[in-house]
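Residue numbers (my numbering), protein chains in the order written: chain X, 119 to 458; chain V, 119 to 458.
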DNA sequence: AAATTTCACTAAATCGTTTTAGTTAAGGTT
DNA sequence: AACCTTAACTAAAACGATTTAGTGAAATTT
């Protein structure tokens with residue numbers, strides 16, 4: 119079953135060099151020999167050993183992808199697009215799940231560099247605040263493309279979403295629906311995305327001359343359903359009145375809605391709720407969840423496109439030239455903000 | 119930044135062989151030299167080139183994983199477990215998404231073999247009915263572990279779920295809740311899993327002396343929400359009366375429930391509904407969805423365990439010895455079958 | 001006909017490690 | 001003192017492909 123190039127050469131009474139060149143269509147091999155070699159290779163099922171080829175070509179045709187949470191549908195959708203496009207361009211994907219842990223992320227980067235991937239596409243873990251491992255990637259002449267959760271200070275290609283604009287759109291939508299007492303369940307100080315959504319919320323209030331009330335802003339410790347439920351309960355029990363709620367993620371919004379429904383509060387008429395991300399689940403529940411779509415597929419597609427363009431640059435001019443891309447979000451109006 | 123073993127040897131005035139041996143703790147290198155080499159390697163950030171190491175060791179410390187649908191939460195959960203355990207055992211994961219397509223699956227297998235992965239863990243696409251590519255894996259002395267959607271005829275390690283037992287449990291649960299006119303939305307003739315669930319349904323009816331009515335069985339063309347909605351509508355409009363429904367997947371069940379709710383049919387009291395897979399979404403909707411849990415994590419964990427055990431066998435005794443594992447499902451009772 | 005060019009190859013080095021088979025010097029045995 | 005061990009290395013081949021620098025013969029030019 120396994121047959122090497124050398125062995126083929128021996129059987130065809132040719133030198134290994136001739137066989138290699140025939141397979142790679144070098145001009146100094148006759149058409150007759152090329153056809154002979156190719157048809158024989160097909161017949162015996164010869165496949166070049168990628169590892170061995172690498173030693174000379176220095177290309178593995180492999181991309182490393184690191185994602186903070188592989189079960190998160192948003193990252194999942196990005197990954198799906200990345201994989202489809204990688205396959206189309208004959209690249210393999212080595213996948214790493216950093217589980218939002220900096221140390222695991224660092225370990226994965228080193229592992230990928232050791233495996234000599236041609237590039238690394240990654241979204242940073244929440245607690246990543248030093249970037250030595252990223253600089254290390256660039257120092258190894260490996261392409262780096264950051265997506266979604268990026269480090270703005272690192273000199274590499276990036277694709278991310280305008281989170282502030284997203285937060286603004288979400289909040290303004292609530293205001294347009296007539297809400298005036300709008301709460302926000304925000305994230306912590308990491309990553310930047312969660313801060314930006316909060317800043318969008320602040321700006322929408324400010325632009326619409328609604329005074330900001332810090333008591334209406336609660337901080338989530340995770341983006342889970344349970345957190346949404348807990349914070350909604352906390353807010354409700356504190357007695358602060360609201361008629362609108364913007365949550366940092368769809369899951370948090372779903373948790374909050376569950377609590378409000380248990381209290382027989384009418385969603386959206388008493389309290390309108392909007393999430394962020396356009397997770398599939400938001401379309402399954404009742405009332406269906408208004409949200410901000412982040413164009414996951416687009417992020418994945420652009421990440422691959424940037425990689426390919428950098429890879430080409432590296433090959434032809436032996437240098438990296440990076441590019442930043444900021445994608446706008448889209449408002450998805452559903453029942454949870456459809457007041458009557 | 120990049121430094122090779124050879125270069126280190128030169129700088130330390132040692133032979134490449136001595137450096138290699140020192141790093142790999144060979145007994146014929148003095149402790150002093152080992153310490154010198156190791157500390158110098160650490161200092162200059164030396165990392166062995168995996169591709170080069172492979173040429174001699176023939177081990178890439180890489181596992182190829184092929185999944186039919188990477189966005190499916192069930193496979194996603196399996197993948198997550200596989201990745202965690204692989205990482206723990208110092209293996210990298212090369213991921214392939216076959217998108218339920220045989221030809222893509224075949225292509226991925228060949229690609230992985232060419233990359234010389236140490237093993238392939240895969241779940242078959244629905245339209246895979248020839249197994250030459252699987253035999254090819256074994257012929258290349260590469261470990262093969264099939265999970266969930268397996269080919270029983272292939273002589274390799276397997277982990278899968280007792281789908282017939284799951285279908286039986288689901289149907290019997292409806293019967294115990296008092297349902298007597300139970301419909302089933304089944305899958306097509308591929309994969310075996312969907313047939314087995316149907317057979318479990320048939321058996322539960324038979325054991326409980328409920329006569330089988332072929333008019334109550336509809337065939338889905340996909341496992342989507344839309345399909346569930348369409349089939350529920352079709353069944354409703356045909357005028358056939360039912361008081362229970364067992365769907366091949368949770369998504370199909372959610373689609374059916376949506377249609378019934380639109381018709382103001384009381385779930386679970388007029389019609390009780392149960393799904394299959396225990397997808398997260400089933401817990402988010404109202405009424406929450408009863409279902410059959412397939413222990414995705416367990417499947418992933420066992421797949422890795424089987425791989426490691428086969429890999430060890432291959433190394434020590436130079437042969438493959440496979441093992442089959444059948445996991446039992448668990449019934450998850452929720453609101454969609456909780457009659458009052 | 002001699003010189004040059006072109007064609008179609010081969011030989012050998014190379015990529016970065018690992019491993020087998022020496023080699024040398026020191027120490028121990030008789 | 002001659003012989004044998006042992007410790008601690010080194011030299012060189014090997015893994016499987018690619019690539020540079022030749023090489024000999026045929027074809028073409030002058």
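Glycine included, each C-beta is placed from N, C-alpha and C at the ideal position.
Check, Outcome
"Range covered by the beta strand (DSSP E) that runs through residue 411(V)", "409-411"
"Limits of the unbroken alpha helix (DSSP H) element including residue 312(V)", "310-325"
"Beta-carbon proximity of residue 216(V) to residue 243(V), cut-off 8 Å", "yes"
"For residue 210(V), the three-state DSSP class (helix, strand or coil)", "strand"
"Residue 384(X) burial status per 10 Å Cβ neighbour count (16 or more: buried)", "exposed"
"Beta-carbon neighbours of residue 404(X), restricted to chain V and to distances below 7 Å", "404"
"Paired residues, beta bridge with residue 336(V) - DSSP", "303(V)"
"Residue 132(X) Cβ short of 7 Å to the ligand NAP heavy atom set", "The ligand NAP is not part of the structure shown, which contains no ligands of any sort."
"Close Cβ partners of residue 292(V) (< 7 Å) along its chain, the five nearest in sequence each way excluded", "300, 362, 364, 390, 392 and 455"
"Amino acids of chain V, ordered along the chain, whose beta-carbon sits closer than 7 Å to that of residue 215(X)", "198 and 201"
"Short CB-CB distance (under 8 Å) between residue 433(X) and chain V", "no"
"Contact set for residue 351(X): own chain, Cβ-Cβ below 8 Å, skip 5 residues either direction", "377"
"First through last residue of the alpha helix (DSSP H) which encompasses residue 362(X)", "Premise fails: residue 362(X) lies in the beta strand (DSSP E), 362-365, not in any alpha helix (DSSP H)."
"The segment 190-201 of chain X in contact with the segment 409-416 of chain X per 3-pair CB rule at 8 Å", "yes"
"Close-in-space but distant-in-sequence residues of the same chain around residue 234(V) (CB under 6 Å, 5 per side omitted)", "178"
"Under 7 Å from the C-beta of residue 417(X): neighbouring residues of chain V", "Ordered by position in chain V, no residue passes the 7 Å Cβ test against residue 417(X), which lies about 15 Å from the chain."
"When 130(V), 163(V) and 151(V) are compared against residue 121(V), the one with the closest alpha-carbon", "163(V)"
"Of the residues 279(X), 324(X) and 328(X), the one placed nearest residue 447(X), counting alpha carbons only", "279(X)"
"Secondary structure of residue 389(V), DSSP reduced to three states", "coil"
"Chain-ordered neighbours of residue 313(V) on chain X, where CB pairs are closer than 8 Å", "Chain X residues near residue 313(V): none, gap ~28 Å exceeds 8 Å."
"Contained beta strand (DSSP E) runs [length at least 3] in the segment 420-446 of chain V, N- to C-terminal order", "442-445"
"Contacting positions in the segment 244-268 of chain V - beta carbon closer than 7 Å to chain X", "257 and 258"
"Proximal residues of chain V, C-beta to C-beta of residue 210(X) below 7 Å", "212, 229 and 233"
"8 Å Cβ cutoff met for residue 173(X) and residue 156(X)", "no"
"8 Å Cβ cutoff, residue 184(X) in contact with chain V", "no"
"Reduced DSSP category for residue 220(X) - H, G, I as helix; E, B as strand; rest coil", "helix"
"Residue from 359(V), 259(V) and 379(V) with nearest C-alpha to residue 347(V)", "379(V)"
"N-terminal and C-terminal residue of the alpha helix (DSSP H) that residue 256(X) is part of", "250-257"
"Proximity to residue 369(X) [Cα-Cα], best of 353(X), 408(X) and 356(X)", "408(X)"
"Three-way DSSP call (helix, strand, coil) for residue 238(X) in this model", "strand"
"Cα-Cα separation, residue 422(V) to residue 181(V)", "10 Å"
"Residue 348(V) at chain X interface by Cβ criterion, 8 Å", "no"
"Beta-bridge pairing of residue 184(V) - partner residues as DSSP gives them", "214(V) and 240(V)"
"Given 8 Å, three or more beta-carbon pairs between the segment 315-326 of chain X and the segment 352-359 of chain X", "no"
"Contact set between residue 165(V) and chain X, taken where Cβ atoms lie within less than 8 Å", "228, 231 and 232"
"Residue nearest to residue 191(X) in terms of C-alpha spacing, selected from 425(X), 342(X) and 337(X)", "342(X)"
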